[in-house]
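Residue numbers (the numbering used here): 151 to 314.
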Amino acid sequence: MTTNRPARHWLMKSEPDECSIDDALAAPGATVPWTGVRNYQARNFMRDAMQVGDGVLFYHSSCPEPGIAGIARIASGTRPDPTQFEAASPYFDGASKPETPRWLLLDVQALRKTRLLGLPELRANPELAGLRILQRGNRLSITPVEPAEWARILNLLGAAGDLR
DNA sequence: GCCAACGTTGGC
DNA sequence: GCCAACGTTGGC
Numbered sequence: 151m152t153t154n155r156p157a158r159h160w161l162m163k164s165e166p167d168e169c170s171i172d173d174a175l176a177a178p179g180a181t182v183p184w185t186g187v188r189n190y191q192a193r194n195f196m197r198d199a200m201q202v203g204d205g206v207l208f209y210h211s212s213c214p215e216p217g218i219a220g221i222a223r224i225a226s227g228t229r230p231d232p233t234q235f236e237a238a239s240p241y242f243d244g245a246s247k248p249e250t251p252r253w254l255l256l257d258v259q260a261l262r263k264t265r266l267l268g269l270p271e272l273r274a275n276p277e278l279a280g281l282r283i284l285q286r287g288n289r290l291s292i293t294p295v296e297p298a299e300w301a302r303i304l305n306l307l308g309a310a311g312d313l314r
């Protein structure tokens with residue numbers, strides 16, 4: 151309805167035990183379905199704001215060295231996350247019905263692995279002080295990244311040349 | 001393993 | 001609709 155796009159860049163958390171940047175790169179087409187989002191705010195980002203081609207910072211969380219581990223892109227629109235209907239899945243949601251799926255996913259295509267840009271280094275950059283991931287108590291698994299933040303991070307990763 | 005912070009649930 | 005209790009997240 152509006153032509154405004156609030157964000158073109160995102161940070162997406164993944165536990166490397168579940169899906170690391172290496173796992174994503176090794177997947178067919180380097181593309182993985184982003185299963186397991188069970189938070190309404192994150193779901194709404196996928197549903198309402200994220201578009202094919204948007205840039206993604208691939209973040210490793212809940213691991214010995216949390217931080218940005220790679221660059222990816224949004225590779226599809228949303229569709230229902232099948233794991234919500236699988237009783238054996240840790241992501242099972244018995245309250246969600248196939249006629250009205252509650253949870254969505256989209257495909258994420260890994261573009262490249264980077265050096266690990268860890269939290270201490272992120273915090274050391276005043277330009278990145280506004281990063282949602284650095285805010286106290288932030289738990290959102292998908293957060294928007296401002297254009298200046300994206301540019302700064304790609305710079306730190308030495309990837310500014312070949313990726314917008 | 002700890003614990004602060006947050007989201008969700010459910011009784012009222 | 002309030003809010004306490006509970007479960008989860010995630011860095012340390």
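Glycine included, every Cβ here is placed at the ideal spot set by N, Cα and C.
Worksheet item: Which parts of the region 192-217 are runs of the beta strand (DSSP E), unbroken and 3 residues or longer, counting only runs that do not cross its ends?
Response: 205-210
Helix, strand or coil at G220 [DSSP, three-state]: strand
Sequence-distant residues of its chain with Cβ nearer than 8 angstroms to M162 (five each side left out) = W184, V206, L207, F208, Y209, A222, V258, S291 and I292
G220 and T264: beta carbons closer than 7 angstroms?
yes
Requested in this report: Could you work out which residue in L266, R188, R158 and T181 is closest to I218 when comparing CA atoms only?
Outcome: L266
Label A174 either buried or exposed according to how many other C-beta atoms from any shown protein chain fall within 10 Å of its C-beta, with 16 as the threshold for buried.
buried
* Asked: How about P251 and P230: are their beta carbons less than 7 angstroms apart?
  -> yes
TODO: With distances taken Cα to Cα, identify the nearest neighbour of M200 among V187, A177, S164 and W160.
DONE: W160
Cβ neighbours of L306 in the same chain (closer than 8 angstroms, five flanking residues each side left out) = L267, E271 and N275
**Pair within 7 angstroms by beta-carbon distance, E236 and F242** = yes
Note to self: Can you list, in chain order, the residues of its chain with a C-beta nearer than 7 angstroms to that of W300? Leave out the 5 residues immediately preceding and following it.
What the structure shows: H159 and G205
What does a CB cutoff of less than 7 angstroms around A260 pick up in its chain, not counting 5 residues either side in sequence?
I171, A174, L175, A180, F208, G220 and A222
Assuming the contact rule is C-beta atoms closer than 8 angstroms, L254 and R193 should be a hit. Round their C-beta distance to whole Å, please. 6 angstroms
### Query
Near S212, which residues of its chain fall below 6 angstroms by C-beta distance, leaving aside the five closest residues on each side in sequence?
E165
### Query
Considering only C-alpha positions, which residue in the set G308, G244, A298 and E215 is nearest to R262?
G308
Does DSSP put W160 in a helix, in a strand, or in coil? strand
Quick check: what's the CA-CA separation for E215 versus L284? 15 angstroms
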